[in-house]
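Going from the sequence shown to our numbering is simple: count from 1 and add 390. Remarks on the structure that follows.
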Amino acid sequence: MKLINQLSKETGVPIATIRFYEKSGLFKGKRHPDKKTTYKYYDDEILEKLELIRDAKLIGFTLAEIRLVIDAWYSKRIS
Numbered sequence: 391m392k393l394i395n396q397l398s399k400e401t402g403v404p405i406a407t408i409r410f411y412e413k414s415g416l417f418k419g420k421r422h423p424d425k426k427t428t429y430k431y432y433d434d435e436i437l438e439k440l441e442l443i444r445d446a447k448l449i450g451f452t453l454a455e456i457r458l459v460i461d462a463w464y465s466k467r468i469s
């Protein structure tokens, strides 16, 4: 589990952009079940999604198109 700053460093995506993608519904961070903090944690699946989003943006996909691909991929409708 990673905090947002660790996720940003690993992917090169700015923290503000990660927050924007999360608010847009492309993925969702999780709260730690044992701690009473406001911190969100991100797992390896979110890291993969963020890398997919980053790469898709580089080749010209829109966020709407990326959302469709992510939904189809993670619901096993495409391989």
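Cβ coordinates follow ideal geometry from the N, Cα and C atoms, glycine included. These numbers come from a predicted model, not from an experiment.
Shortest alpha-carbon distance to residue i belongs to which of the options?
i	options	result
I443	K466, D433 and E455	E455
Y431	K466, L397 and L440	L397
Y411	W463, K466 and I436	I436
In this structure, what does DSSP give as the bridge partners for residue i?
i	result
Y361	Absent from the model: residue 361. The displayed extent of the chain is 391 to 469, so no value can be given.
K392	Y432
For residue i and residue j, what's the separation of their Cα atoms in angstroms?
i	j	result
A406	R467	30 Å
R421	T427	8 Å
W463	S414	18 Å
K425	M391	14 Å
S465	T401	24 Å
Beta-carbon within less than 8 Å of residue i's beta-carbon, same chain only, minus the 5 sequence neighbours each way: which residues are those?
i	result
A446	E455, I456 and V459
If I measure Cβ to Cβ from residue i and keep anything under 7 Å in the same chain, skipping five residues before and after, which residues do I get?
i	result
L393	Y429 and Y431
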